[in-house]
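The structure appears below as structure tokens.
Residue numbers (the numbering used here), protein chains in the order written: chain A, 17 to 335; chain B, 1428 to 1763; chain C, 3 to 551.
Structure (structure tokens):
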């Protein structure tokens, strides 16, 4: 197992390297650069092409692409991710802050999605074809099909605008630094995030449970006189959990990056929105660093999931 | 002195589904098992032998399964009528079942030891070291070498035969009085089969259990059973001691089964007799005798009237309209 | 002051308001007696906003910058004039090359230190340091490029600006490298910084925390920064030493929404904020419950030609005239652009400046067809692709361009298409070797300043080098020079009118329309004022009088 993990970690290095090269190439291919983003196209006066060129020169954008890439890479290897060209803030700080914000929503969202998704999956599998099963399954189809931004807008409109139970976006009330206030702001976006994923987890668990409940060893467990609760949890669920764990693990990176719609509508400054904004503005230090972080995250999530899979299924042996 | 009746089943009828798709898997099944006795239930796949015992254990899926009628008395209680909780307490403790395919019947993610100790915990209240030690000794008893280490292994790490032994260990863990073995050797190769059969026979004596052994293999039946029930299309067609069954089979189906057994004194290349035709589709049984379409002696009566159960000898019954004809032909029937 | 549902500028009313305000300002009257409270707004939403809160180096956000810094001059309330703010008076020599400004008496920084002309000179030298780190030199150039010695100083060849001279604590003299009869109008974004409190170097202008750090920041506006949470909000606290009096509010919060209009609108409707920029489509549902502030945006939308790339046919003015005649711009502005846009005869967005006799190209498809025939051009052979940027990629403008497509096909021009691209792509495409044929594009034309010249001259931002159109040859050089050199306001306005007439005649570009922009505020805010000024202004909004109950 340790050898396996080490091998995976070593393999990750060339993968990450290739990711950075690929992303850099894509940024280069996209028309325009960050200076083009600066120049507000509606306020033309005062900035001549000469000014913009001087700016490009100062930001080092006129150096040839490989030079810029190596310069960036050199910085990264020494722990320096450079400065955001748009925000005049060190990229490391920026990413830490935005990533941390995303983690908050994701942490709560994932926790809720996993606990409720799996529980409802087991519940509906045990009550297949019942009214509860049909209702919950229907709602889960709605949940899976609903685009994130619509769910977000609806949630805001109902719970914030109409009912006033939650603030309409933002991470904190200005000037307030309590945990309670933070949670109050986190709940709605985290719940919306969780609902979308809860539906997927629920359906997957239900499917897996239904499959497992038909297995012979479940019959054996019942024939041994084990109580229903133990048959379902220790025998059925323990097996049914295996594919669900892998599915949850692989969907974790998506929760971070894919929350751009929710972050936008809830004006919650997270990674997704940062990444999106940095691409629009061609802020290449941020794009590169964000990509790197996301790639590391994806690789780590995959590795952890694979290891977890081996840990819970004794038939799998990694070497 | 007459042995005590361990299990007494009367008129068990189990069906699956509803309406036009209803399938009657077991119809009017009755038999008795005395303590210490080995009863074999024989029949082709789909004959209802497995469903019979699973109905009695209460482990058929309900829905779509329905036990339409019948009683099954064990220890003074009708297993088909008591509530689930009481039935559960009997399962694994007083009545235990061994299944055909140990690979799929054992939980792949729990150690073999855990699967045994959980039964000991549940029914006997044994915990910790005591349960573990008992599990080790059970594995030992069923002939698994190095039991103290193998107890922590997973089913996939056992060979086929070892797995079946482990299943048996699991079944006898709480000292059941009735053991139901549902084709436990069918999936094993012949030499292992023999070992398992010897094991069970040995355990039966040492633990004084009554056994219901389900099989489609008459050869196995001959070695292990005292009494035999032959099933066809969900019904009992013949019931006899094992000697009577082999020496003087009464029902045409039984005769056909015996005739189709390969024999050591046949010439190589000689044509094997088999019963022509296919077992019936359980959802579209003919009104009369289910075997009539394949029976060389079938008459119009056979086709429309369900044959009555007729006593042929002491403890020997057969359900057939044409028993006289069979006797007249001295059990030789035209199978081609 | 009640909110205006603005249309084409409203100069008469504006002048009346100016008079009232000027008197009020001079007498130093403060706002109503209500004190305390906190107002939460989204002042940096919309095209005039900027979440970086760093004056001198942002393309917009002036509504926020002016909350913390006073400028020598400023736009008045309805953006029709540049009026005194930190200065009390000015005088210039006859040829308008030397300007002397006098600061008001008794101006204080937020920490009680007196503001003097030395701070002004300090700021001028700071911003012209050769290693000044600011990313957007637009406002710096606007404020200082006319000063003698600017080039030498910014190139590092001189230690100080020749043209800046401190006469005494309240007086400063500017010597310009070229005459400018309205130099005072170049100072409306000159945010004076406190010499005694600035503790960072010009090179670190973009990376310093000074603008966000309440323990170091010193300002002169009605408010000063109390807390800055990046990407979330900025809290400003009342400045006791603001020269117009301590603000009625204790606190003004500016919340950031990452530019997402929907999020801001939801926050407004949920009562989390009391003001935000809103789009024209939001207005009808908000009108009843909120005060709507609006005015023409000062941004004209035009279609420009890249003569280097478009079909030769477009060099013939009759073809360009035909296209304008073919499109019913009034119908589009009224019906598709929600009646919040107005079609324009020329790229000056202020109706009071349009001459009576300016050529307008009304909807006349027959005339369009005959013009094409006259020019000997087969409409089926012409192709046009209008490229716009993401800011106009909304339903309204998409529908407007679809209507344009329909109108053009009516006269036989079928090969017309449009698309919207992101901002870097948009800008990158209009270099001399860019690939744009036509750009559908807005231009901010503030009422003062010499932007017209910077835009429509051969050397200007839209000049020959980019579009291939020889502006100077067609009389634009004279027209633009006349605007810069106009000695009085009336001459200035007349010169703008001449330019307008010329542009309508020569049609280097197709003028389309100019739109209103809107803001919605909770009616319970007292004395609130907001205008959709280009880049946020700055303009007088009397924020020190804003109050909540």
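Built from N, CA and C at the ideal position, the CB exists for glycine as well.
Cβ pair residue i, residue j closer than 9 Å
i: residue 204 of chain A; j: residue 171 of chain A; result: yes
i: residue 239 of chain A; j: residue 246 of chain A; result: no
i: residue 458 of chain C; j: residue 478 of chain C; result: yes
i: residue 218 of chain C; j: residue 199 of chain C; result: yes
i: residue 129 of chain A; j: residue 209 of chain A; result: yes
i: residue 578 of chain C; j: residue 430 of chain C; result: For chain C, the structure presents residues 3 to 551; residue 578 of chain C sits outside this window and is missing.
i: residue 207 of chain C; j: residue 136 of chain C; result: yes
i: residue 402 of chain C; j: residue 339 of chain C; result: yes
i: residue 42 of chain C; j: residue 285 of chain A; result: no
i: residue 1679 of chain B; j: residue 1747 of chain B; result: yes
i: residue 288 of chain C; j: residue 522 of chain C; result: yes
i: residue 449 of chain C; j: residue 357 of chain C; result: no
i: residue 1494 of chain B; j: residue 1439 of chain B; result: yes
i: residue 469 of chain C; j: residue 309 of chain C; result: yes
i: residue 276 of chain C; j: residue 267 of chain C; result: no
Per DSSP, cross-strand counterpart(s) of residue i
i: residue 156 of chain A; result: Per DSSP, none; premise fails for residue 156 of chain A.
i: residue 1779 of chain B; result: The structure shown does not extend to residue 1779 of chain B, since chain B spans only 1428 to 1763, so no value can be given for it.
i: residue 1518 of chain B; result: B/1522
i: residue 441 of chain C; result: C/306 and C/389
i: residue 1725 of chain B; result: BP columns for residue 1725 of chain B are empty, so no partner.
i: residue 297 of chain C; result: C/519
i: residue 116 of chain C; result: C/110
i: residue 174 of chain C; result: C/103 and C/168
Backbone CA spacing between residue i and residue j [nearest angstrom]
i: residue 154 of chain C; j: residue 148 of chain C; result: 12 Å
i: residue 541 of chain C; j: residue 314 of chain C; result: 45 Å
i: residue 212 of chain A; j: residue 193 of chain A; result: 29 Å
i: residue 211 of chain C; j: residue 116 of chain A; result: 21 Å
i: residue 321 of chain C; j: residue 377 of chain C; result: 7 Å
i: residue 98 of chain C; j: residue 121 of chain C; result: 24 Å
i: residue 465 of chain C; j: residue 129 of chain C; result: 28 Å
i: residue 1720 of chain B; j: residue 1701 of chain B; result: 15 Å
i: residue 353 of chain C; j: residue 272 of chain A; result: 50 Å
i: residue 238 of chain C; j: residue 325 of chain A; result: 52 Å
i: residue 267 of chain A; j: residue 37 of chain A; result: 25 Å
i: residue 440 of chain C; j: residue 351 of chain C; result: 21 Å
i: residue 104 of chain C; j: residue 252 of chain C; result: 31 Å
i: residue 218 of chain A; j: residue 141 of chain A; result: 10 Å
Cutoff 9 Å: residue i Cβ touching any chain C Cβ
i: residue 118 of chain A; result: no
i: residue 107 of chain A; result: no
i: residue 50 of chain A; result: yes
i: residue 281 of chain A; result: yes
Bounding residues of the beta strand (DSSP E) (the contiguous stretch that carries residue i)
i: residue 1495 of chain B; result: 1492–1501
i: residue 1606 of chain B; result: 1605–1609
i: residue 1435 of chain B; result: 1432–1443
i: residue 228 of chain C; result: 225–231
i: residue 1553 of chain B; result: Careful: residue 1553 of chain B lies outside any beta strand (DSSP E) and carries neither H nor E.
Where the alpha helix (DSSP H) containing residue i begins and where it ends
i: residue 1683 of chain B; result: 1679–1686
i: residue 253 of chain C; result: Counting along the chain, residue 253 of chain C falls outside any alpha helix (DSSP H), though it belongs to the beta strand (DSSP E) covering 253–257.
i: residue 205 of chain A; result: 195–229
i: residue 1456 of chain B; result: Per DSSP, residue 1456 of chain B belongs to no alpha helix (DSSP H); it is in the beta strand (DSSP E), 1450–1461.
i: residue 304 of chain A; result: 300–328
Contact with chain B by residue i, beta-carbon distance below 9 Å
i: residue 183 of chain A; result: no
i: residue 319 of chain A; result: no
Closer than 9 Å to chain A by CB, residue i
i: residue 1524 of chain B; result: yes
i: residue 148 of chain C; result: no
Closer than 8 Å: residue i CB and nearest the ligand ADP heavy atom
i: residue 1657 of chain B; result: No copy of the ligand ADP occurs in the structure displayed, which carries no ligand at all.
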